[in-house]
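Per our numbering, the very first residue in the sequence shown carries number 3; after that it's consecutive. Where is the CB? At the ideal position from N, CA and C, for every residue including glycine.
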Amino acid sequence: MIPDRSDGHLAAARLSRPGLRGREAELERLSALVEAVRDGEGGAIALLLGEPGIGKTVLLRETVSIARAHGFLVSHGRAEELHELAPLASLASGLLHGDPPLLAATDFADLAGHHDQRIWLVERLAQLIEERAAGTPVLIAVDDVQWADPLSRFALSVMPARLLSSPVLWLLTGREDPELHGQGSRTTTFPLRPLSDTALAELARDVLGGDVTAQVGELLDGAGGNPFLAAEMLAGIAASGADVPGPPERLVLGVRGRLADLRPDTLHFLRIGSVLGRAFPLADAAALCGRPASALDAEVDEAIAAALLHDDGERLLFRHDLLRQAVYADLAPSVRRALHREAASRLVAAGRRSVDAVPHLLKSAEPGDTEAIGLLGTAAEDVSGVMPDLAADLAVRALELVPARAPMAYDVGERAIAALTRAARYTQARDTGDALLARQPPLDVFARLQCVLGDALWHLDDVHELARRTTTALAAVTDPVVRARLTARQALALSRGNDLGAARETGERALAEAERAGDREARVLALWGLGEIALNAGDCAAAVEHHTALSVFDTAFLPEEAVARIHLDDFDTVRRLLRTAGDAPLRPAMLIWAQGTLNMGLGRLDDADADFVTAERLEADLRVPGNLVNIRVNRGLLALLRGHREAAREHLNLARVTVDDRPNTGNKATLRYFEAVVADAEGDHAAAAERLRSVQRDHPFLRWRLLRPHLVHAVHIALRGGDRKLAEDLAAQAAEHATRNPTVPTAQGTAAHAAALVNADHGLLERAVRILLTGPRPLLLAAAYADLGRGLLTAGDPAATTDLTRAHEIYVRSGADAEADRVRAELERATNRPGRRTGRLRPRTDQGWGALTATERKVARLIAAGHTNRSAAEALVVSPHTVNTHLASIFRKLAVRSRVHLARIVLAEDDGVAGDDRA
3 MIPDRSDGHL
13 AAARLSRPGL
23 RGREAELERL
33 SALVEAVRDG
43 EGGAIALLLG
53 EPGIGKTVLL
63 RETVSIARAH
73 GFLVSHGRAE
83 ELHELAPLAS
93 LASGLLHGDP
103 PLLAATDFAD
113 LAGHHDQRIW
123 LVERLAQLIE
133 ERAAGTPVLI
143 AVDDVQWADP
153 LSRFALSVMP
163 ARLLSSPVLW
173 LLTGREDPEL
183 HGQGSRTTTF
193 PLRPLSDTAL
203 AELARDVLGG
213 DVTAQVGELL
223 DGAGGNPFLA
233 AEMLAGIAAS
243 GADVPGPPER
253 LVLGVRGRLA
263 DLRPDTLHFL
273 RIGSVLGRAF
283 PLADAAALCG
293 RPASALDAEV
303 DEAIAAALLH
313 DDGERLLFRH
323 DLLRQAVYAD
333 LAPSVRRALH
343 REAASRLVAA
353 GRRSVDAVPH
363 LLKSAEPGDT
373 EAIGLLGTAA
383 EDVSGVMPDL
393 AADLAVRALE
403 LVPARAPMAY
413 DVGERAIAAL
423 TRAARYTQAR
433 DTGDALLARQ
443 PPLDVFARLQ
453 CVLGDALWHL
463 DDVHELARRT
473 TTALAAVTDP
483 VVRARLTARQ
493 ALALSRGNDL
503 GAARETGERA
513 LAEAERAGDR
523 EARVLALWGL
533 GEIALNAGDC
543 AAAVEHHTAL
553 SVFDTAFLPE
563 EAVARIHLDD
573 FDTVRRLLRT
583 AGDAPLRPAM
593 LIWAQGTLNM
603 GLGRLDDADA
613 DFVTAERLEA
623 DLRVPGNLVN
633 IRVNRGLLAL
643 LRGHREAARE
653 HLNLARVTVD
663 DRPNTGNKAT
673 LRYFEAVVAD
683 AEGDHAAAAE
693 RLRSVQRDHP
703 FLRWRLLRPH
713 LVHAVHIALR
723 GGDRKLAEDL
733 AAQAAEHATR
743 NPTVPTAQGT
753 AAHAAALVNA
763 DHGLLERAVR
773 ILLTGPRPLL
783 LAAAYADLGR
793 GLLTAGDPAA
803 TTDLTRAHEI
813 YVRSGADAEA
823 DRVRAELERA
833 TNRPGRRTGR
843 LRPRTDQGWG
853 ALTATERKVA
863 RLIAAGHTNR
873 SAAEALVVSP
883 HTVNTHLASI
893 FRKLAVRSRV
903 HLARIVLAED
913 DGVAGDDRA
């Protein structure tokens, strides 16, 4: 018989027992959450929050037991305060243990081999968990998440949203909201409050038996409703009675009383352990005590008997972190510092990793400590790929420990500048470098510092300062490697100027110097600079040549090669590049950006939008929004093609905010162009033309890159704004670009189209159509057909209907609803049939099966058939990240929360289609 769950008193009675007094309501909600995940309601997150000792761990353990009883596969881990530097340690503590473990050691070893690729690592980890959850619900519990290492925190920020459709329950405890849950995740927060007087009285009866006296009640008031402190007090009362002089402080009765009864050697051992952390190997404590581990049996036994320590078979643990803190607090600050410093030295001497010693160094190292400086630098290098912010903090701390006039300051400072730049802390990197330069270093050091500062200045878009500094440093440099790097950075700076010929000469000189010096970094910089120069000059073939050489030399630049080839209309090669990028691309956000750019060119608007959403999400995950303006502008352009003006305006507003945060030249020019497009769409043609003029006037180096795929639209904007001179300038620009790229159909067809608009020449429009028919961009072809049809319609030529129909068909296939409707209206005029609605698109719905795009329907059917995100991605030849985006959109449109629900909808939909076919 199923119990009546509406009877709250019966549920409370069932859940209330010693150790859980006062937490019955929370436990019932947690139990319901476990059952919901088990029953196919999708993934969820539970956050247990509160002060130390408030009962988080007890509730977590009880929920783990409930989940196991319901058949969950459980990962139960704990973050440790002094272990927060080891990548993925907090998650690994649970994933690799259990019966059976959630992950095999071989799986984790494979992950560890890619620890420098955060996005790939988390995606692969999510795939493994998804596979395990396919047949069995999973609970992943992490206690004390406030101490989690940065990589585990990153994973916990990303994976819950990624696995929202799988039966995975995330159970996290912390002292405050860690803000780890991803947007859209189902999160239930349990703020644990102090126990009520009734619950404290029940707790006292559990420990003491019988009724609670007034004196005991007064003593318990000192616990402030904290169950752990109350239990410690009650243990003390049970041992020595309540008739002691004066009301004790919170831990005096429960902890210090026990410490006072310990032998001095045991107390010293516990103090050593408190320095090592809540959990520590006996061997480490023995080394700090200066005694063999075998000689500490008595101390360990006494500490366990006093209920201060617990032995889990691998390590010794303080029974609660408050106990460790109470012991640690009894140490004088100078003693703590000395013990932490000694612990660091002992760990290094024992062959442990630098990241194991660094937490102790951060609490103990003093200026001039050369060993600490070296270890901090090593640790920064070790974690830089996966935890760049932490690496920057460690490198900066190492620099702070170097005495002001010590010669090593420059080497340590150079590494700090590089670490800050990798962490995207560009202003701090520049300021750190300038502080070192103010010390007037030797000329060779001056040149080296200016060279490493080049990256920060480039990302700050301070190209004039970059050019000035590289020129000054080149006058002082003697090292051929540093000279090659400086010359390459100078070429990059010049790529943003007006004299691209001089920039090209500088780039070629840099490449020659790099090859003579045999320096990889200089060669990468030189090829990158030459590719940028070629793109800014509108020389697509040269851009492809340099970017291809660059991506062969360094696969991290494969997205740049893909984009360069898109400009060359070499879409087939781009498809092959994206398919063969490998399972672990170094820059997945940029690679998916390139995929979106390709899909936009191919007229696959729904897929392009999904790609851009995915790229934006990946940038947000990494907290490095380097391409956000371009993403939002392209999404805005897509919105306008579909007729969603409000969405376009939202994208514009967000792009403006981003430009305020990252006001570089490229972002400003891209934003100004999009402002022109939006103003034109809203009917403010004069304002649109003015913004377009400012792009031409203020950002000449971007002309070839920015307006290339949008030039015909820009000519329309200029003509509607009454600025014929601007339109002629744009047409001349297109003609020059065509001359530089004689084999590129888009360049040739766009030039003919632009000239036709300026000169009202139907023959040129027909030529544009013929050329664009040989190219890969259907929307440009549709625009040419539409303009040709309009021209013929104005001239009264009946052939207008054919061209307008072709334009309409292309727009419909691409999902460019607004353009399709505009052409449809002109078709009605051409046929003199105002009531005609042939081919008119029905408005897209926002919800239900009809709201899904064609690709989303494919994804839905694959997932419903049992595919994982990874196998669905392989079937569709796309990134798993893109499948994640499609799946999130599918769940939102269908209002479902799990794969089980999705499968039911797909089955019903397909049955309905089959029934219609049979009928």
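- Between H653 and V661, the alpha-carbon positions lie close to 12 Å from each other.
- The region 521-534 and the region 506-513 touch, with no fewer than 3 CB-CB distances between them shorter than 8 Å.
- Taking 7 Å as the cut-off, the beta carbon of A519 is found closer than this to the beta carbon of V483.
- Apart from sequence neighbours up to five positions away, the residues of its chain that approach A753 with a beta-carbon distance below 6 Å are A736, A737, A740, ordered along the chain.
- A contact is defined here as three or more CB-CB pairs under 8 Å, and the region 378-398 meets this definition with respect to the region 341-360.
- For S77, the beta-bridge partners assigned by DSSP are I142.
- In its chain, beyond the 5 residues on either side, R581 have a beta carbon closer than 8 Å to the beta carbon of V879.
- For A691, there is no enclosing beta strand (DSSP E); the residue is part of the alpha helix (DSSP H) that begins and ends at 687-700.
- If you draw a straight line from the Cα of A505 to the Cα of T473, it is about 13 Å long.
- Three or more beta-carbon pairs separated by less than 8 Å link the region 387-397 to the region 417-425, which places the two stretches in contact.
- D457 and D464 have their C-alpha atoms spaced approximately 10 Å apart.
- Of the residues H342, L105, H99, the one whose Cα lies closest to the Cα of G275 is H342.
- Counting only the Cα atoms, A612 lies some 37 Å from S33.
- If you draw a straight line from the Cα of R134 to the Cα of A106, it comes to about 11 Å.
- Of all alpha-carbon atoms in G415, A856, Q849, A233, the one lying nearest the alpha-carbon of R432 is that of G415.
- Taking C-beta separations shorter than 6 Å and ignoring five residues to either side along the sequence, the partners of R23 in its chain run A201, E204, L205, following chain order.
- A46: member of the beta strand (DSSP E) spanning 46-51, first to last residue.
- Counting along the chain, F192 sits inside no alpha helix (DSSP H); it lies in the beta strand (DSSP E) bounded by residues 189-193.
- Boundaries of the beta strand (DSSP E) around V170: 170-176.
- Residues of the same chain with a CB within less than 6 Å of the CB of L783, apart from the 5 flanking positions on each side, are L774 in chain order.
- Put simply, of V350, Y675, D682, H687 the residue whose alpha carbon is nearest the alpha carbon of L694 is Y675.
- When secondary structure is reduced to three states using DSSP, L165 falls in the coil class, being assigned neither helix nor strand.
- Put simply, of A716, A650, V631 the residue whose alpha carbon is nearest the alpha carbon of P665 is V631.
- By the C-beta density criterion, R699 is exposed, having fewer than 16 other C-beta atoms within 10 angstroms.
- Here P778 has D571, F573, G603, L604 as same chain residues with Cβ atoms under 7 Å from its own Cβ, once five neighbours each way along the sequence are excluded.
- DSSP, reduced to helix, strand and coil, places A281 within a strand of the structure shown.
- For L318, the three-state secondary structure derived from DSSP is strand.
- I865 and W172 have their alpha carbons spaced roughly 22 Å apart.
- Close CB contacts of L403 within its chain, under the 8 Å cut and outside five residues either way in sequence, are with A367, E368, P369, G370, D371, A374, I375, L378 (chain order).
- The straight-line gap separating the alpha-carbon atoms of P103 and R651 is approximately 49 Å.
- Taking a C-beta distance under 7 Å as the contact criterion, A528 and A490 qualify as a contact pair.
- Inclusion of P139 and R40 in the CB contact set at 7 Å is warranted, their separation being smaller than that value.
- Using a Cβ distance threshold of 7 Å, A536 and A524 do not count as a contacting pair.
- N761 is classed as exposed because its beta carbon has fewer than 16 other beta carbons within 10 Å across all chains shown.
- Taking all protein chains in view, the Cβ of L593 is crowded by 16 or more other Cβ atoms within 10 Å, so the residue is classified as buried.
- With a cut-off of 8 Å on Cβ pairs, the region 153-169 is in contact with the region 891-900, counting three or more such pairs.
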